[in-house]
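Q: After the structure tokens below, expect a handful of questions from me.
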Amino acid sequence: MSRAEVFLINGPVLKARPDGNFQMKEAVFVGDDRLIAEVIRLDADAITVQVFEDTTGLSPGVLIAGSGLPLAVELGPGLLGAMFDGIQRPLRAVAGASGDFLGTAVDVPSLDRERQWRYQPVVDEGTEVSGGHCIGEVAETPNLMHRVMIPPDVAGTVVWRAPAGSYCIDTPLAGIRSAQGMVEVSMLSRWPIRVPRPFRQRLALRSPLWTGQRIIDTLYPIAKGGTGAMPGGFGTGKTVLQQTLAKWCDADVIIYIGCGERGNEMAGVLEEFPGLEDPRTGRMLMERTVLIANTSNMPVAAREASIYTGITMGEYFRDQGYDVALFADSISRWAEALREISGRLEELPAEEGYPAYLPSRLAEFFERAGRTKALAGQESSLTVVGTVSPPGGDFSEPVTAHSRRYVKSFLALDRDRAQARFYPAIHPLQSYSEYVTSTAQWWQHHGGVRWAERRERMLALLQEQARLEKMVKIVGRDALPPSQREVLVCAEVTVEGLLRQSAFSHTDRYCAPEKQAAMLGLIDYFTQRAHELVQAGVDPDTLLTLPVVRRLQRMGEDIDNESLADFADLTHALDDALDALASSMQQKSGEQQAVGE
Amino acid sequence: MIDPQRCLFHTGLTSIQGPLIFVRNAQGVGLYERVEVRAMHDDVRLGRVVLIADDKVIVEVFQGTEGLSLGEARVKFLSESILLNVGPSMLGRIYNGVGAPIDGGPEIVARRRLRIDGNAINPVRRVVPREFIETGVAAIDAMNSLVRGQKLPIFSGSGLSHDRLASNIARFSRLRGTQAEKFAVVFAAIGVTFDTAEHFRREMDEYGAMQRIALFLNLASDPSAERLLTPRVALTAAEYLAYEEGRHVLVILTDMTNYCEALREVSSSHGEVPSRKGYPGYMYSDLASIYERAGRISGRPGSITQIPILSMPNDDITHPIPDLSGYITEGQIVLDRELDRRGIFPPIKLLPCLSRLMNHGIGKNMTHVDHPAFAQQLYSSYAQAHHLRLLSSVVGEEGLSAADRQLLRFGERMDDEFIRQDDFRRTLEETFDLGWMLLAELPDEVLVRLSDDQIDEHIKRHRHDS
Ligand SMILES: Nc1ncnc2c1ncn2[C@@H]1O[C@H](COP(=O)(O)OP(=O)(O)OP(=O)(O)O)[C@@H](O)[C@H]1O
Ligand SMILES: [Mg+2]
Numbered sequence: 008m009s010r011a012e013v014f015l016i017n018g019p020v021l022k023a024r025p026d027g028n029f030q031m032k033e034a035v036f037v038g039d040d041r042l043i044a045e046v047i048r049l050d051a052d053a054i055t056v057q058v059f060e061d062t063t064g065l066s067p068g069v070l071i072a073g074s075g076l077p078l079a080v081e082l083g084p085g086l087l088g089a090m091f092d093g094i095q096r097p098l099r100a101v102a103g104a105s106g107d108f109l110g111t112a113v114d115v116p117s118l119d120r121e122r123q124w125r126y127q128p129v130v131d132e133g134t135e136v137s138g139g140h141c142i143g144e145v146a147e148t149p150n151l152m153h154r155v156m157i158p159p160d161v162a163g164t165v166v167w168r169a170p171a172g173s174y175c176i177d178t179p180l181a182g183i184r185s186a187q188g189m190v191e192v193s194m195l196s197r198w199p200i201r202v203p204r205p206f207r208q209r210l211a212l213r214s215p216l217w218t219g220q221r222i223i224d225t226l227y228p229i230a231k232g233g234t235g236a237m238p239g240g241f242g243t244g245k246t247v248l249q250q251t252l253a254k255w256c257d258a259d260v261i262i263y264i265g266c267g268e269r270g271n272e273m274a275g276v277l278e279e280f281p282g283l284e285d286p287r288t289g290r291m292l293m294e295r296t297v298l299i300a301n302t303s304n305m306p307v308a309a310r311e312a313s314i315y316t317g318i319t320m321g322e323y324f325r326d327q328g329y330d331v332a333l334f335a336d337s338i339s340r341w342a343e344a345l346r347e348i349s350g351r352l353e354e355l356p357a358e359e360g361y362p363a364y365l366p367s368r369l370a371e372f373f374e375r376a377g378r379t380k381a382l383a384g385q386e387s388s389l390t391v392v393g394t395v396s397p398p399g400g401d402f403s404e405p406v407t408a409h410s411r412r413y414v415k416s417f418l419a420l421d422r423d424r425a426q427a428r429f430y431p432a433i434h435p436l437q438s439y440s441e442y443v444t445s446t447a448q449w450w451q452h453h454g455g456v457r458w459a460e461r462r463e464r465m466l467a468l469l470q471e472q473a474r475l476e477k478m479v480k481i482v483g484r485d486a487l488p489p490s491q492r493e494v495l496v497c498a499e500v501t502v503e504g505l506l507r508q509s510a511f512s513h514t515d516r517y518c519a520p521e522k523q524a525a526m527l528g529l530i531d532y533f534t535q536r537a538h539e540l541v542q543a544g545v546d547p548d549t550l551l552t553l554p555v556v557r558r559l560q561r562m563g564e565d566i567d568n569e570s571l572a573d574f575a576d577l578t579h580a581l582d583d584a585l586d587a588l589a590s591s592m593q594q595k596s597g598e599q600q601a602v603g604e
Numbered sequence: 023m024i025d026p027q028r029c030l031f032h033t034g035l036t037s038i039q040g041p042l043i044f045v046r047n048a049q050g051v052g053l054y055e056r057v058e059v060r061a062m063h064d065d066v067r068l069g070r071v072v073l074i075a076d077d078k079v080i081v082e083v084f085q086g087t088e089g090l091s092l093g094e095a096r097v098k099f100l101s102e103s104i105l106l107n108v109g110p111s112m113l114g115r116i117y118n119g120v121g122a123p124i125d126g127g128p129e130i131v132a133r134r135r136l137r138i139d140g141n142a143i144n145p146v147r148r149v150v151p152r153e154f155i156e157t158g159v160a161a162i163d164a165m166n167s168l169v170r171g172q173k174l175p176i177f178s179g180s181g182l183s184h185d186r187l188a189s190n191i192a193r194f195s196r197l198r199g200t201q202a203e204k205f206a207v208v209f210a211a212i213g214v215t216f217d218t219a220e221h222f223r224r225e226m227d228e229y230g231a232m233q234r235i236a237l238f239l240n241l242a243s244d245p246s247a248e249r250l251l252t253p254r255v256a257l258t259a260a261e262y263l264a265y266e267e268g269r270h271v272l273v274i275l276t277d278m279t280n281y282c283e284a285l286r287e288v289s290s291s292h293g294e295v296p297s298r299k300g301y302p303g304y305m306y307s308d309l310a311s312i313y314e315r316a317g318r319i320s321g322r323p324g325s326i327t328q329i330p331i332l333s334m335p336n337d338d339i340t341h342p343i344p345d346l347s348g349y350i351t352e353g354q355i356v357l358d359r360e361l362d363r364r365g366i367f368p369p370i371k372l373l374p375c376l377s378r379l380m381n382h383g384i385g386k387n388m389t390h391v392d393h394p395a396f397a398q399q400l401y402s403s404y405a406q407a408h409h410l411r412l413l414s415s416v417v418g419e420e421g422l423s424a425a426d427r428q429l430l431r432f433g434e435r436m437d438d439e440f441i442r443q444d445d446f447r448r449t450l451e452e453t454f455d456l457g458w459m460l461l462a463e464l465p466d467e468v469l470v471r472l473s474d475d476q477i478d479e480h481i482k483r484h485r486h487d488s
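Residue numbers (our numbering), protein chains in the order written: chain A, 8 to 604; chain B, 23 to 488.
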């Protein structure tokens with residue numbers, strides 16, 4: 008193996024004089040402690056590496072050993088339910104080896120080598136197989152069949168295979184005679200994190216990633232296989248929203264990456280997920296989740312790697328035929344890691360100190376999302392949603408601006424809403440989704456008749472509200488004619504009744520499609536009836552004082568997913584109250600007429 | 023890696039630039055290792071290796087380079103990180119900004135020597151903080167609750183009463199329903215005046231709490247690069263007190279703005295490409311290495327709760343210092359000049375305040391089952407009142423509906439009665455009572471964050487009273 012001798016140490020960046028050949032992006036090991044590092048630059052007489060661990064105490068003269076292979080992750084049973092750092096060190100096992108604090112180099116494999124898994128072969132000897140072909144299955148969880156696949160670049164004939172039984176992940180389970188010779192396949196495989204895994208073709212996006220969040224599903228859907236960004240200043244609710252999606256969305260596998268964020272948040276996920284049930288399968292949420300935690304105080308180079316580690320795992324489950332959703336919190340911290348390393352390399356900075364290649368790296372990352380036909384033919388998807396933390400909440404900064412170019416669902420979080428404790432604080436007019444047409448079909452089949460039309464009407468209402476609010480600031484609300492106050496009243500009821508949804512309410516944290524459709528229908532109905540009444544002369548502001556309108560504004564948390572009949576009751580109550588209002592109105596105008604006569 | 027045999031290094035320096043010195047050809051030196059720099063006389067200064075190249079080593083000198091000369095300064099590499107001696111009887115003492123006692127008392131008998139940089143807590147070993155701390159401050163307890171192990175900064179402005187608030191919190195704080203536990207306060211003065219530090223010390227002394235306090239002082243007149251060490255030294259002491267002696271430690275760091283300025287100064291002397299407003303691009307990670315040292319660890323009895331104080335330059339919350347802090351801490355308490363001018367203490371500006379761990383520490387079995395809804399309703403009505411206040415300043419109160427006028431009035435009473443409490447401690451029950459009473463002034467139609475049951479239970483009662 009090639010070696011190199013370190014002569015410069017600048018934080019996580021080292022330069023060394025090589026003896027032998029190194030490749031770009033090759034994984035290398037530094038010193039006797041074998042710190043993990045990666046080659047990031049090659050010159051005639053020097054290599055530059057970034058070290059993924061603490062470099063305190065490192066001295067010049069220390070040796071770097073090459074590995075000949077790119078930095079890769081281990082793939083196989085044992086990923087689900089685990090928590091890894093940015094370069095896939097298993098944090099539970101690390102704690103077992105080195106205690107409560109990170110820091111000292113420990114050598115533990117990413118996936119447990121001792122654990123045995125029940126394996127069931129699904130091909131016979133003599134079968135012709137090629138990349139992606141499933142040769143056997145492991146029920147990794149009661150709900151997820153882990154498919155052991157032929158590596159993408161291998162094709163040939165199965166010459167032997169292991170019988171059903173319990174095996175460790177590195178036990179060979181089949182031998183394939185291929186053009187390159189005999190290849191043995193076990194449950195364990197490896198894949199370089201910076202190289203997208205191959206698939207046969209991309210497919211058009213068709214259905215929404217169901218999130219159970221009304222403002223997303225109803226207004227700005229994210230498609231399965233699509234991309235989304237959630238920018239917002241500190242405390243606007245990005246993390247809570249991401250975690251809410253990770254809990255309730257209808258993907259088969261969740262990859263959750265805490266990239267440069269808080270330790271307590273990751274501890275929170277670890278504490279909470281094992282006790283929450285997936286509303287569709289009834290299994291614990293932790294069973295479908297892989298956590299990657301490279302918190303803000305962990306090494307910055309590993310933070311840079313973390314999103315690639317995560318997305319490679321995502322692609323791996325996608326290739327097994329599953330719908331995967333990846334959440335990265337926060338893309339900005341990843342970009343800052345990139346900036347820090349770039350600064351130490353003394354590269355010429357572009358905007359705000361970020362390297363000029365920031366946009367292309369972002370594009371490459373988001374491009375790894377998609378709905379695909381796998382090499383072996385399964386149709387599945389990888390959805391990628393990232394938060395963005397713009398300095399000062401200013402969306403014109405480079406990371407927000409560039410992310411916006413590559414994502415199709417943009418959920419802008421608004422400081423004013425968050426400060427008023429209006430959650431989710433997604434701004435309905437600054438956000439957008441390009442998946443509305445591709446998901447309209449889906450709604451048709453899930454109770455959302457006239458969804459597209461109602462959604463349009465609601466958006467128009469909110470737009471009009473924003474315009475009128477500006478006028479109110481100048482002339483006061485009372486100066487507006489009833490027809491305009493009607494718009495304000497209906498918009499307020501819509502916003503409070505439909506768009507507000509607390510992530511901490513047991514009844515409302517997840518809103519099933521039927522409930523969403525019912526709520527949207529009811530709000531739409533209220534808007535129409537309000538219009539009729541105002542036409543007939545009712546003062547719009549009196550509507551707000553009706554107890555039933557208070558109920559309308561609380562229906563999300565008062566009515567749970569199972570009690571859909573309550574919506575019918577609420578509709579009747581609404582009708583009764585509005586009818587009463589209308590008839591008292593008629594009476595009044597009748598009396599007035601009588602007086603007039 | 024440690025080589026105790028390594029000798030004194032007498033080399034002539036090749037260059038001195040700001041807080042950095044450049045030394046030629048230092049063999050076997052390790053990154054971030056501790057360095058002693060001896061000036062002509064017997065003054066020894068603390069430094070740290072920050073870059074090692076073929077032909078040079080760069081050392082950051084924390085106690086300034088004034089008076090050093092190329093020919094005469096001597097540099098000694100110590101083959102170890104910067105360490106702090108920790109041991110019993112650390113409390114009740116006063117230390118300088120690098121952790122040496124300056125109160126005339128004895129040296130600390132070192133049970134251990136700990137690296138001041140600390141190591142990151144493995145996330146799987148963290149315990150989510152959830153024990154509610156009653157601070158006695160209504161705006162915090164009711165609406166931005168603090169829990170043990172949280173990091174909750176005070177965003178202030180120069181001249182505002184953040185120190186007074188912090189010392190009130192330090193004095194009042196207690197867990198509900200428990201006896202006095204092993205409790206300690208670590209106070210780190212970072213570039214503040216002697217008065218500020220002395221005032222805090224006196225307050226605690228009067229309260230008889232001095233025996234539970236460790237003060238670390240880097241005063242305004244002390245070298246600025248030393249400020250990079252002070253919070254780390256203080257937190258190292260706190261970690262010892264928490265995780266080895268099992269105490270619940272409240273760490274007050276004031277003023278983090280001075281810390282960030284020192285960081286900028288050192289970074290610019292390195293010739294680094296700056297990010298916003300000249301602050302280094304890694305300031306987020308650097309601050310995180312301080313703030314993330316708050317928390318609780320599974321299986322260890324103590325905890326570290328942090329209240330960093332920072333003054334927002336020009337009262338601007340989007341300035342990089344409060345902005346990056348807000349992105350790391352678990353919420354913030356924001357002080358307001360206008361409330362202060364109106365004589366309201368504590369001048370807490372409710373809307374931008376937040377406690378992210380609040381949801382973990384309040385509610386059934388912890389404070390009150392209706393606490394979350396109560397806080398939500400106070401916030402939502404206060405935000406409406408705030409909005410109406412702006413509106414009425416343009417269109418006049420006449421343009422408002424009756425309900426709106428009630429909201430306006432509610433907002434004023436919140437400022438004058440709820441937020442204002444001077445130096446008196448309020449129990450949580452008193453705080454709840456006051457809040458429900460103010461909410462009872464509002465019509466049901468605006469109380470949409472409360473359920474019918476909650477209105478019946480809490481609101482109707484007060485309406486009957488009045
Ligand atoms: N959907 C929601 N429902 C209820 N509360 C919410 C919701 N979203 C956010 N919050 C509240 O807002 C607080 C801040 O949210 P969060 O931590 O997600 O902010 P953030 O945008 O991730 O901030 P940062 O960028 O600093 O990480 C939460 O602790 C919670 O109290
Ligand atoms: Mg967050």
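Here a beta-carbon is modelled for each residue, glycine too, at the ideal position from N, C-alpha and C.
Which residues bound the beta strand (DSSP E) around histidine 98 of chain B?
A: The residue you call residue 98 of chain B lines up with position 76 of the second sequence. Position check: residue 98 of chain B holds lysine in this sequence, whereas histidine was assumed. Segment 96-99, the beta strand (DSSP E) holding lysine 98 of chain B.
Q: Is aspartate 336 of chain A near ligand 2 - that is, is its Cβ less than 7 Å away from at least one heavy atom of it?
A: The residue you call residue 336 of chain A lines up with position 329 of the first sequence. Checking the Cβ of aspartate 336 of chain A against ligand 2 gives yes.
Q: Among A:Ala524, A:Glu343, A:Val479, which has the Cα closest to the Cα of asparagine 568 of chain A?
A: As a working note, residue 568 of chain A is residue 561 in the first sequence. Of A:Ala524, A:Glu343, A:Val479, the residue nearest in Cα terms is A:Ala524.
Q: DSSP three-state call for glutamine 406 of chain B: helix, strand or coil?
A: In the second sequence, counting from the first residue as 1, residue 406 of chain B sits at position 384. Helix, per DSSP.
Q: Is the CB of threonine 63 of chain A under 8 Å away from at least one CB in chain B?
A: Within the first sequence, residue 63 of chain A is the residue found at index 56, counting from 1. True, the Cβ-Cβ gap to chain B drops below 8 Å.
Q: Would you give the residue range spanned by the beta strand (DSSP E) that glutamine 208 of chain A belongs to?
A: Taking the first residue of the first sequence as 1, we reach residue 208 of chain A at position 201. Segment 208-210, the beta strand (DSSP E) holding glutamine 208 of chain A.
Q: Within the same chain, show all residues whose beta-carbon is closer than 7 Å to that of glycine 232 of chain A, passing over the 5 residues directly before and after it, in chain order.
A: Against the first sequence, residue 232 of chain A aligns to sequence position 225. Once the five neighbours on either side are set aside, the close Cβ partners of glycine 232 of chain A are Leu212, Ala376, Gly377, Arg378, Ser388, Leu389, Thr390.
Q: Report yes if the C-beta distance between serine 367 of chain A and arginine 340 of chain A is below 8 Å; otherwise report no.
A: By 1-based counting over the first sequence, the position of residue 367 of chain A is 360. By 1-based counting over the first sequence, the position of residue 340 of chain A is 333. It is not a contact, given that the beta carbons lie outside the stated cut-off.
Q: Counting along the chain, where does the alpha helix (DSSP H) carrying tryptophan 167 of chain A start and finish?
A: Walking along the first sequence from the start, residue 167 of chain A turns up at place 160. From DSSP, tryptophan 167 of chain A is part of no alpha helix (DSSP H) but of the beta strand (DSSP E) over 162-168.
Q: Checking contacts by CB at 8 Å: is tyrosine 281 of chain B closer than that to chain A?
A: Position 259 of the second sequence holds residue 281 of chain B. No, because no Cβ of chain A sits closer than 8 Å to the Cβ of tyrosine 281 of chain B.
Q: Could one say the Cβ of proline 394 of chain B lies closer than 8 Å to chain A's Cβ atoms, at least one of them?
A: As a working note, residue 394 of chain B is residue 372 in the second sequence. Yes, contact with chain A.
Q: Please check if any C-beta of chain B sits within less than 8 Å of the C-beta of threonine 271 of chain A.
A: In the first sequence, the residue the question calls residue 271 of chain A occupies position 264. According to the sequence displayed, residue 271 of chain A carries asparagine and not threonine. Closer than 8 Å to some Cβ of chain B, the Cβ of asparagine 271 of chain A qualifies, so yes.
Q: With distances taken Cα to Cα, identify the nearest neighbour of valine 56 of chain A among A:Ser66, A:Gly64, A:Gly68, A:Ile43.
A: Counting from 1 along the first sequence, the entry for residue 56 of chain A is found at position 49. The shortest Cα separation from valine 56 of chain A among A:Ser66, A:Gly64, A:Gly68, A:Ile43 belongs to A:Ile43.
Q: Among the candidates A:Ser137, A:Gln127, A:Pro158, A:Glu135, whose CA atom is the shortest distance from the CA of alanine 146 of chain A?
A: Against the first sequence, residue 146 of chain A aligns to sequence position 139. Checked all of A:Ser137, A:Gln127, A:Pro158, A:Glu135; the closest Cα to alanine 146 of chain A is A:Gln127.
Q: Nearest to phenylalanine 205 of chain B by CA position, among B:Leu136, B:Val83, B:Ala236, is which residue?
A: For this step, residue 205 of chain B is matched to residue 183 along the second sequence. The shortest C-alpha separation from phenylalanine 205 of chain B is found at B:Ala236.
Q: Kindly provide the ranges of any alpha helix (DSSP H) runs that are 4 or more residues long and lie completely inside the region 83-167 of chain A, ordered along the chain.
A: Complete alpha helix (DSSP H) runs here, min 4: 98-105.
Q: Under a CB-based cut-off of 8 Å, is phenylalanine 334 of chain A close to chain B?
A: Sequence index remark: in the first sequence, residue 334 of chain A carries index 327 (1-based). Not closer than 8 Å to any Cβ of chain B, the Cβ of phenylalanine 334 of chain A fails to qualify, so no.
Q: Which residue wins for smallest C-alpha separation from lysine 98 of chain B, given the options B:Glu88, B:Val79, B:Cys375?
A: In the second sequence, the residue the question calls residue 98 of chain B occupies position 76. For the residues B:Glu88, B:Val79, B:Cys375, the minimum Cα distance to lysine 98 of chain B belongs to B:Val79.
Q: What three-state label does DSSP hand asparagine 47 of chain B in the structure shown?
A: Here residue 47 of chain B refers to the residue found at position 25 of the second sequence. In this structure, asparagine 47 of chain B counts as coil in the three-state DSSP scheme.
Q: Could you tell me the distance, in whole angstroms, from the CA atom of isoleucine 176 of chain A to the CA atom of histidine 153 of chain A?
A: Counted from its first residue, the first sequence places residue 176 of chain A at position 169. Counted from its first residue, the first sequence places residue 153 of chain A at position 146. Cα to Cα, the separation comes out at about 12 Å.
Q: Would you say valine 150 of chain B reaches chain A, if we count a Cβ-Cβ gap shorter than 8 Å as a contact?
A: Within the second sequence, the letter at position 128 stands for residue 150 of chain B. At least one chain A Cβ lies under 8 Å of valine 150 of chain B.
Q: Of all the CB atoms in chain A, is at least one closer than 8 Å to the CB of arginine 431 of chain B?
A: Residue mapping note: residue 431 of chain B aligns to position 409 of the second sequence, counting from 1. No - not a single Cβ of chain A is within 8 Å of the one on arginine 431 of chain B.
Q: Strictly under 8 Å for the Cβ-Cβ distance: is lysine 605 of chain A near chain B by that measure?
A: Residue 605 of chain A lies beyond the stretch modelled for chain A, which goes from 8 to 604, so this question has no answer here.
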